[in-house]
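Q: Numbering (our numbering), first residue to last: 3 to 575.
Please see the structure below; I have some questions.
See the structure below:
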């Protein structure tokens with residue numbers, strides 16, 4: 003049967019069924035799998051099949067989905083049921099495997115299972131591997147989340163335990179998620195069965211697949227190593243590693259995307275972390291990318307065909323720098339060559355994905371030109387141009403440091419803001435710009451008229467702009483300095499900050515306006531203090547202006563010097 007209709011709201015409808023709060027889903031004629039298949043077909047992800055036109059109108063649409071849903075009736079008798087954690091009953095997130103003992107192993111950082119359950123009570127069995135017997139500092143960390151609330155967050159120290167999800171005298175519907183918070187280097191977390199007291203023949207269903215899927219490939223930064231560490235002098239512990247505070251998880255959350263991560267601390271492209279400067283070749287992500295995990299029973303091939311990604315993000319090079327820094331001219335090129343090979347393979351197994359490459363969060367910005375070299379080489383050899391790179395902003399002491407000088411929670415969040423915006427640009431999506439400095443790539447310039455005269459220069463080192471007036475002219479508008487190329491959204495809330503230095507008592511009016519229409523978005527006056535001072539103001543823009551500019555009016559004063567530093571306009575709402 004051919005696809006008859008494409009209904010974009012079908013998955014949302016299925017999600018609504020999962021949280022309706024009624025004691026239903028006991029199917030007389032259909033199963034949860036039937037419901038899932040019909041929803042998939044309505045989204046255009048699979049073909050329609052015979053028997054899905056339930057209303058008999060020769061059109062398969064959301065009304066057929068409603069009809070199928072209405073056939074799910076309560077039996078009225080509550081009984082204990084045991085449900086296996088298979089993809090028929092739960093949604094797998096990330097790289098997981100289901101073994102011969104009916105255990106779903108959450109292998110990689112952020113790997114999870116998620117489902118909606120309808121019952122009076124529910125409990126889930128958690129399993130541990132050999133790493134439960136490791137030193138307490140290195141045991142796997144996981145969390146159990148019910149309706150968005152973390153009910154358990156701990157290190158896994160036993161081979162098996164039962165976690166009560168909820169209990170009561172009347173049925174409820176809840177969305178449950180079990181997530182691996184630490185990394186694959188320190189073992190996996192198992193989930194083996196769900197026990198419910200329910201009157202439903204189908205008490206648990208997978209949550210809906212999201213429209214966007216992103217894969218993150220990285221090292222300790224992606225794993226969120228030490229993100230909860232007290233300072234940079236504290237060593238590694240899995241108890242301070244929390245993938246839900248990684249830029250990867252936060253990016254996916256911001257874009258409402260499904261995600262998968264492949265990340266190992268200390269790993270790289272051409273060398274893992276090296277204290278000696280010699281290549282460490284047993285810690286290379288490309289060698290393990292094709293597998294669910296790196297070690298033991300988890301080293302099984304990953305099925306790329308069944309897990310298509312819209313975007314693949316690569317954040318590797320920080321550990322390579324410990325090797326390449328000894329001879330950038332030779333080893334940097336070697337890194338670029340291996341990076342190109344990896345890009346080629348990533349494209350082979352993700353043929354339709356947009357690829358985004360970055361480095362720089364922990365410094366090592368010397369590696370970035372070699373990433374650019376690799377990207378250009380890949381584009382030339384493959385003819386594939388859906389790829390971009392950008393240099394991540396290096397973390398600062400002001401934003402705090404995690405364990406062993408790793409990124410803090412604030413740095414991870416800032417990185418997520420930037421990456422989410424980059425993904426929107428790459429895919430042609432509208433970015434909400436939250437957390438983005440829309441003045442980060444602004445252009446500085448100035449002009450004078452009437453009988454005024456002035457000079458100006460821009461310092462690329464610290465992106466500061468300096469104007470000196472010789473003759474001020476007849477009015478404030480005789481000399482003006484511009485900060486152009488700022489994209490402002492209508493009703494957007496912005497935090498404008500900069501530092502300014504000018505003569506004591508001199509008043510300088512400035513505005514933010516649309517360059518094309520002249521509409522004023524913000525207007526204020528600054529009074530000089532004779533030394534550098536900080537300006538900060540929050541404002542809500544009354545209009546959109548993709549060509550917004552800041553205009554400082556400096557005329558009317560002879561021999562005036564103005565210096566402008568650290569101009570930022572960060573969207574905060």
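Here a beta-carbon is modelled for each residue, glycine too, at the ideal position from N, C-alpha and C.
1. Run through the DSSP bridge pairs and tell me what residue 118 is partnered with.
2. Check residue 234 in the structure and name its three-state DSSP category.
3. Can you tell me whether residue 27 is helix, strand or coil according to DSSP?
4. Note down, in chain order, each residue of its chain lying with its Cβ closer than 8 Å to the Cβ of residue 106, except the 5 sequence neighbours on either side.
5. Roughly how many angstroms separate the alpha carbons of residue 541 and residue 495, rounded to a whole number?
6. Taking only the alpha-carbon atoms, compute the straight-line gap between residue 289 and residue 233 and give it to the nearest angstrom.
7. Report yes if the C-beta distance between residue 244 and residue 183 is below 8 Å; otherwise report no.
8. Starting from residue 470 and walking both ways along the beta strand (DSSP E), at which residues does that stretch end?
9. Out of 156, 343, 202, 575, which one is the CA nearest neighbour of residue 174?
10. Provide the residue span of the beta strand (DSSP E) that contains residue 359, from first to last.
11. Once DSSP output is grouped into helix, strand and coil, what is the label at residue 107?
12. Taking residue 323 as part of the alpha helix (DSSP H), name the residues at either end of that continuous run.
13. Decide if the segment 53-69 is in contact with the segment 211-225; the criterion is three or more beta carbon pairs, one per stretch, under 8 Å apart.
14. Put residue 482 into one of helix, strand or coil per three-state DSSP.
15. For residue 27, does the count of other Cβ atoms within 10 angstroms reach 16, so buried, or fall short, so exposed?
16. Could you pull out every unbroken alpha helix (DSSP H) segment of at least 4 residues lying fully inside the segment 236-291, listed in chain order?
17. Apply the 10 Å Cβ neighbour rule to residue 169 and answer buried if 16 or more other Cβ atoms are within range, or exposed otherwise.
18. Measuring CA to CA, which of 378, 196, 483, 439 is closest to residue 572?
19. Would you identify the three-state DSSP class for residue 293, choosing helix, strand or coil?
20. Mind checking which residues open and close the alpha helix (DSSP H) that includes residue 337?
21. On the criterion of 16 or more Cβ atoms from any shown chain inside 10 Å, does residue 24 qualify as buried, or is it exposed?
22. Would the segment 307-320 count as touching the segment 202-216 if we require 3 or more Cβ pairs under 8 Å?
23. Between which residues of its own chain and residue 16 is the CB-CB distance below 6 Å, once the five residues before and five after are set aside?
24. Would you mind stating whether residue 487 and residue 444 have Cβ atoms separated by less than 8 Å?
25. Taking C-alpha atoms, which residue in 522, 365, 296 lies nearest to residue 547?
26. I need the straight-line Cα distance from residue 425 to residue 434, nearest angstrom please.
27. Rounded to whole angstroms, what's the CA-CA distance from residue 273 to residue 544? Just pull it up for me.
28. Quick check on this structure: which residue in 473, 246, 321 has the alpha carbon closest to the alpha carbon of residue 450?
29. Taking buried to mean at least 16 other C-beta atoms within 10 Å of its own C-beta, is residue 189 buried or exposed?
30. Just to confirm before moving on: does the CB-CB distance between residue 83 and residue 198 stay below 8 Å?
31. Since residue 510 sits in a beta bridge, which residues does DSSP pair it with?
32. In three-state terms, what does DSSP make of residue 571?
33. Suppose you measure from the CA of residue 39 to the CA of residue 48; what does that come to, to the nearest Å?
34. Classify residue 448 as buried or exposed, calling it buried when 16 or more other Cβ atoms lie within 10 Å of its own Cβ.
35. How big is the Cα-Cα spacing for residue 458 and residue 396?
A: Quick answer:
1. Partner(s): 177, 207.
2. If DSSP states are grouped into helix, strand and coil, residue 234 belongs with coil.
3. Note on residue 27: pLDDT 38, under 50, position unreliable in the model; no value is reported.
4. Taking C-beta separations shorter than 8 Å and ignoring five residues to either side along the sequence, the partners of residue 106 in its chain run 87, 88, 92, 94, 98, 99, 100, 115, 192, 193, 194, following chain order.
5. Whole-angstrom Cα-Cα distance: 6 Å.
6. Residue 289 and residue 233 have their C-alpha atoms spaced approximately 33 Å apart.
7. Their beta carbons are under 8 Å apart, which means residue 244 touches residue 183 by this criterion.
8. In the DSSP assignment, residue 470 falls within the unbroken beta strand (DSSP E) covering 466-473.
9. Ranked by Cα distance from residue 174, the first of 156, 343, 202, 575 is 202.
10. Where residue 359 is concerned, the enclosing beta strand (DSSP E) stretches over 356-361.
11. Residue 107: strand per DSSP, three-state reduction.
12. Taken as a continuous stretch (DSSP letters only), the alpha helix (DSSP H) holding residue 323 covers 323-326.
13. Too few Cβ pairs lie closer than 8 Å, so no.
14. The three-state reading of DSSP puts residue 482 in strand, counting E and B together.
15. For residue 27, the predicted model reports a pLDDT of 38, less than 50, meaning its position is unreliable and no value from the coordinates is stated.
16. Here the runs fully enclosed are 249-256, 287-290.
17. It is exposed - the Cβ of residue 169 has fewer than 16 other Cβ atoms within 10 Å.
18. It is 439 whose Cα lies nearest to the Cα of residue 572.
19. Note: residue 293 maps to strand in three-state DSSP.
20. Residue 337 -> alpha helix (DSSP H) spans 335-351.
21. Caution applies to residue 24, whose pLDDT of 35 falls short of 50 and renders its modelled position unreliable; the value that the coordinates give is listed next. Here residue 24 is exposed, its C-beta having fewer than 16 other C-beta atoms within 10 Å.
22. Per the Cβ contact rule, the segment 307-320 is in contact with the segment 202-216 (3 or more Cβ pairs under 8 Å).
23. Unreliable positioning characterises residue 16 in this predicted model, as indicated by a pLDDT of 40, which lies under 50. A coordinate reading is not provided.
24. Yes, these two residues count as a Cβ contact at 8 Å.
25. 522 is the residue among 522, 365, 296 whose C-alpha sits nearest the C-alpha of residue 547.
26. When the Cα atoms are used, residue 425 and residue 434 turn out to be separated by approximately 12 Å.
27. In a straight line, the C-alpha of residue 273 is about 51 Å away from that of residue 544.
28. Of the listed residues, the one whose Cα sits closest to residue 450 is 473.
29. For residue 189, the number of other beta carbons within 10 angstroms of its own is at least 16, and it is reported as buried.
30. Result yes, Cβ atoms of residue 83 and residue 198 sit closer than 8 Å.
31. Residue pairing by DSSP puts residue 510 in a beta bridge opposite 528.
32. For residue 571, the three-state secondary structure derived from DSSP is strand.
33. Cα to Cα, residue 39 sits roughly 8 Å from residue 48.
34. Note on residue 448: 16 or more other CB atoms within 10 angstroms of its CB, so buried under the neighbour-count rule.
35. Spanning the two alpha carbons is a distance of roughly 29 Å.
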